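Q: In the numbering used here, the protein residues as written are 847 to 1054.
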């Protein structure tokens, strides 16, 4: 169907979940082929997808709809770097919080906790960091990283060669990506308690 649609060289092409029914290996091949076709396509193409990877790879511009409302739009790199809602942050794989910044410290909304940053923002901001930036410890680590808090493990899920660990607060919820070896060493399981740490240099702050 994709080949037939592209063969007639239309002025407008609507692709509604074009890769949804494919297995992982075939999807990888077709996504790459579709990207090549779209790069040389003279008309306009609209892609509807629930897969953030499809959107990031295939689109020149992304519009994110949440609950029937447009919540963010922009170039893929801009959306990925500066998500503006928790939903968008989850799509692009970031931990995101909103708070008030002063003197290199962000007080998370409602006073739930604080996060330090090397940036120098002031006022209402978003602060984000990648799950891979979260280090987990069974006991309080030496050196006391600037961003350190106690958390409960809410879920542990294998994702490829990494393991995603859902952390629940207080002070706030977060997601960490660790290795299977770390899961075994730390004996991570639902309900266990850990120390979580994020370097201030790993955080990214931008205006809300």
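Just so it is clear, CB atoms sit at the ideal spot from N, CA and C, and this is done for glycine as well. No experiment lies behind these values; they were computed from the predicted model shown.
Bridge partners of residue 1002, per DSSP?
A: Residue 1002 pairs with 1011.
Q: Taking the runs of the alpha helix (DSSP H) that are 4 residues or longer, which of them lie wholly in the stretch 912 to 943?
A: DSSP runs (the alpha helix (DSSP H)) wholly in the stretch 912 to 943: 922 to 927 and 932 to 938.
Q: Return the first residue and the last residue of the beta strand (DSSP E) that residue 1050 is part of.
A: Element bounds for residue 1050: 1050 to 1053.
Q: Among 886, 862, 856 and 883, which one has its Cα closest to the Cα of residue 894?
A: With distances taken between Cα atoms, residue 894 lies closest to 862.
Q: Out of 904, 945, 978 and 906, point me to the one whose CA is closest to residue 962's CA.
A: Ranking the options by Cα distance to residue 962, first place goes to 945.
Q: I'd like to confirm the pairing. Which residues does DSSP put opposite residue 975 in its beta bridges?
A: In the DSSP output, where bridge partners are listed per residue, residue 975 has 941.
Q: Would you kindly work out how many angstroms separate the C-alpha atoms of residue 910 and residue 996, rounded to a whole number?
A: Distance between the alpha carbons of residue 910 and residue 996: 33 Å.
Q: Is it true that the CB of residue 858 sits closer than 9 Å to the CB of residue 892?
A: For residue 892 and residue 858, yes; Cβs fall inside 9 Å.
Q: Does the beta-carbon of residue 850 have 16 or more other beta-carbons within 10 angstroms, so that it is buried, or is it exposed?
A: Label assigned to residue 850: exposed.
Q: I'd like to check one pair, residue 1010 with residue 999: are the Cβ atoms closer than 9 Å?
A: Cβ atoms of residue 999 and residue 1010: not closer than 9 Å.
Q: Looking only at C-alpha atoms, which of 938, 917 and 915 sits nearest to residue 899?
A: Of 938, 917 and 915, the residue nearest in Cα terms is 938.
Q: Flag this pair as yes or no: are the beta carbons of residue 972 and residue 1054 separated by less than 9 Å?
A: Yes.
Q: Spatial neighbours of residue 930 within its chain, please: C-beta separation below 6 Å, excluding the five flanking residues on both sides.
A: Taken in chain order, the residues that qualify are 918.
Q: Mind checking who residue 970 pairs with in its DSSP beta bridge?
A: DSSP output for residue 970 lists 946 as bridge partner(s).
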